[in-house]
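Protein sequence lines correspond, in order, to chains S and W.
So in full-length UniProt numbering the end of the first sequence lands on 308, straight run, no missing numbers.
So in full-length UniProt numbering the end of the second sequence lands on 235, straight run, no missing numbers.
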Amino acid sequence: MMNASSNDDGFGENPFRTSTNDFYDINPSPVVQPQLHQSPQQQFLQQGTAFMQAAEPQSSFPPTSGLTGVMKPQQEQISSMEPQVSRGCWGTIMMLIDLNTYKAYFDVDAEDIVARIRAVCLDFYKPEHFRNNVLGARQTNGLKGPDLYGPFWVTMTLIFLVGVTSNMHAYLHRSDVEVFEYDINHLMHAASVFSAFSFLLPAVFWVTCKCMNMEALSLVEWECLFGYSLVPFVPAVMLCVIPFTIFSWIFPLGATIVSCSLVVRNVSAPMLSTDAGRAKAPPLILAILASYLIFFFVIKFTFYTHRK
Amino acid sequence: MNQTGGPQWANPEVTRPDAVVQEEEFFAPLSTLDEPVMETIMRDVHAVASKLKVVMLPMERNIPYGGYAGVSQSENVEITDRDKEIIQRLKDWDLWGPLVVCLGLAVLLSFKAPAGQASLVFAAVFCAVWIGSAVVTVNAQLLGGTISFFQSVCVLGYCVFPMTLAAVVVDLFKMIPLGAFSTLVELAVLVVAFLWSTRASSVFIGQYIAAPRRVLAVFPVLFFYTFLAWMILLF
């Protein structure tokens with residue numbers, strides 16, 4: 001891999017380069033902008049092609065882990081399960097501990113992260129846009145696939161910011177400032193709430209999808225979508241410091257709407273694309289909406305409500 | 001000592017004229033049986049102190065990015081002699097220094113914390129330093145850096161030292177009644193400490209990562225020290 005890197009990729013003989021895919025060298029092709037006003041038929045066709053693309057066998061890029069099993073026809077699913085089974089329980093545990101397993105999901109550059117964050121903020125309402133044109137289900141078309149760098153550090157940044165701003169909010173809403181004591185518990189609460197929301201919840205949805213027998217998205221895609229959907233909360237929680245109560249309602253609500261629509265827009269189409277999914281998906285999508293609503297109220301009443 | 005720092009037998013090219021000298025040099029650090037205990041302890045203390053001194057070296061002026069070469073996107077980063085010295089010294093890693101620095105900071109902050117939260121603050125600072133530096137290192141490794149785990153943890157730990165000093169200075173300033181002005185002074189001290197801390201560590205992390213993703217590896221470093229600076233500002 002290291003020897004194969006020629007000089008044309010701009011790296012030269014860089015010994016630090018240990019990226020695990022060869023798609024690094026492909027020049028990113030211009031992002032396909034979906035039409036804004038589509039007829040339902042066009043939309044259906046687009047979803048159909050997206051499904052067909054996703055259903056191609058993974059010959060171009062063998063996944064380094066079993067987490068990448070994206071939706072496939074049923075027969076292929078069974079045949080591709082066999083090597084995973086033969087790895088055994090111990091092998092799976094070792095694979096989860098091994099850092100190399102995760103390297104494929106950290107194979108992004110600074111400009112990719114910037115493009116993804118920008119897409120979350122600007123194109124959240126476009127159906128399937130973030131998943132197909134920004135992430136890329138697979139490392140094709142110059143897209144690098146779902147990453148875990150963004151979700152992890154967005155969540156960490158948010159935990160820190162909530163720990164800071166919720167105390168500033170409490171400070172600004174007090175009449176007796178002299179006896180104000182900083183409460184580090186806000187930070188601990190923020191850590192548990194946000195890490196549960198961005199790491200645990202998508203895993204729960206993924207398991208639910210698996211149990212209901214619809215292979216809509218891979219685990220990494222779930223994590224990536226939920227992680228990136230927290231981006232709008234970063235400016236929102238900073239603006240919550242403004243000492244008017246109405247702002248601590250408006251900004252988190254706006255961020256919730258943006259991030260909820262991002263997730264629902266990107267999740268619903270692949271879930272509804274199969275006959276089996278069309279019956280089972282609506283409750284799950286409602287569950288996503290409900291979890292976002294609960295998330296909003298938790299943020300509002302745990303961190304940005306002052307006690308008199 | 002030769003430049004590469006390894007033992008003599010690791011470099012077959014280096015031939016000493018006197019075999020006895022070579023042998024003495026090779027066994028010198030190992031024959032510590034008959035030395036006083038004080039000397040043994042002091043050797044480690046000196047090693048830690050020299051590394052702390054190297055972290056506190058002043059920044060060089062008139063260089064691009066103000067010493068933050070780790071953030072630059074250009075392929076060939078010119079590392080100044082001072083940064084080279086810092087990196088060279090810190091490559092010989094130990095974890096005693098980071099432990100002392102981290103314990104100092106955690107104890108100092110937990111003394112100042114509100115009555116019910118002292119143990120929580122101690123735990124938060126202690127975990128933030130160790131887990132934080134481990135996470136930053138693993139992040140750099142996952143981004144494709146060929147970086148040694150403990151070396152990086154050592155560098156990040158030693159670079160907390162300016163923060164510990166800042167905590168002491170902020171404490172001293174709190175004894176002087178400055179009124180509303182004191183918060184500004186504290187903030188200024190912490191900003192200086194933050195710049196001091198991030199300089200060496202960001203250069204160290206940055207040099208192991210390919211240029212297009214250097215920012216991704218340095219951001220967690222900045223995040224790590226921002227968190228510590230904020231903890232100091234509070235307590």
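Ideal Cβ positions, reconstructed from N, Cα and C, are used throughout, including at glycine.
Just so you know, these numbers come straight off a predicted model, no measurement behind them.
Query raised in the report: DSSP on Ile131(W), reduced to helix/strand/coil?
Result: helix
Report task. Please report the residue range of the alpha helix (DSSP H) in which Gln151(W) lies. Result -> 149-158
Query - Below-8 Å beta-carbon distance, Phe111(W) vs any chain S residue - result: no
Report task. Compare the C-alpha of Ile159(S) against each of Met271(S), Tyr182(S), Phe180(S), Leu230(S) and name the closest. Result -> Leu230(S)
Query raised in the report: With distances taken between CB atoms, is the gap from Ile209(W) to Leu105(W) smaller than 8 Å?
Result: no
**Report entry** When Glu128(S), Met156(S), Val162(S), Asp123(S) are compared against Lys300(S), the one with the closest alpha-carbon
**Finding:** Val162(S)
Query raised in the report: Cβ of Phe219(W) less than 8 Å from any chain S Cβ?
Result: yes
Query raised in the report: Around the C-beta of Phe297(S), are 16 or more other C-beta atoms found within 10 angstroms, so that it is buried, or is it exposed?
Result: exposed
Report task. With Thr256(S) as the anchor, note down where its alpha helix (DSSP H) starts and where it stops. Result -> 247-272
Query raised in the report: chain S beta carbons: is any one of them nearer than 8 Å to that of Ala134(W)?
Result: no
Query raised in the report: Going along the chain, which residues of its own chain have a beta-carbon closer than 7 Å to the beta-carbon of Pro235(S), five neighbours each way excluded?
Result: none
Requested in this report: Give the range of the alpha helix (DSSP H) segment to which Met231(W) is assigned.
Outcome: 214-234
Query raised in the report: Can at least three beta-carbon pairs, one atom from the segment 246-266 of chain S and one from the segment 186-200 of chain S, be found at a separation below 8 Å?
Result: no
Query raised in the report: Which word fits Asp107(S), buried or exposed, when buried means at least 16 other C-beta atoms lie within 10 angstroms of its C-beta?
Result: buried
**Report entry** Near-chain S residues of the segment 131-156 of chain W - C-beta to any C-beta below 8 Å
**Finding:** Val138, Asn139, Gln141, Leu142, Leu143, Gly144, Gly145, Thr146
Query raised in the report: Using the C-alpha atoms, what's the distance from Trp93(W) back to Asp34(W)?
Result: 26 Å
Report task. Answer yes or no: does any C-beta atom of chain S fall closer than 8 Å to that of Ala124(W)? Result -> yes
Query raised in the report: DSSP state of Phe233(S), grouped into three classes?
Result: helix
Report task. Give, in chain order, every unbroken run of the alpha helix (DSSP H) that is at least 4 residues long and sits entirely within the segment 137-196 of chain S. Result -> 149-172, 185-195
Requested in this report: Find out if the Cβ-Cβ distance for the pair Phe161(W), Val54(W) is shorter than 8 Å.
Outcome: no
Query raised in the report: Between Val169(W) and the rest of its own chain, which residues show a CB-CB distance below 6 Å, the 5 nearest in sequence each way excluded?
Result: Val189
Query raised in the report: Which of helix, strand or coil does DSSP assign to residue 236(W)?
Result: Nothing can be reported for residue 236(W): it is not among the residues displayed for chain W, which extend from 1 to 235.
Query - Per-residue burial, Pro221(S) [other beta carbons within 10 Å of its own, 16 or more giving buried] - result: The question names Pro, but residue 221(S) in the sequence shown is Glu. Looking at its Cβ environment, which holds 16 or more other Cβ atoms inside 10 Å, Glu221(S) is buried.
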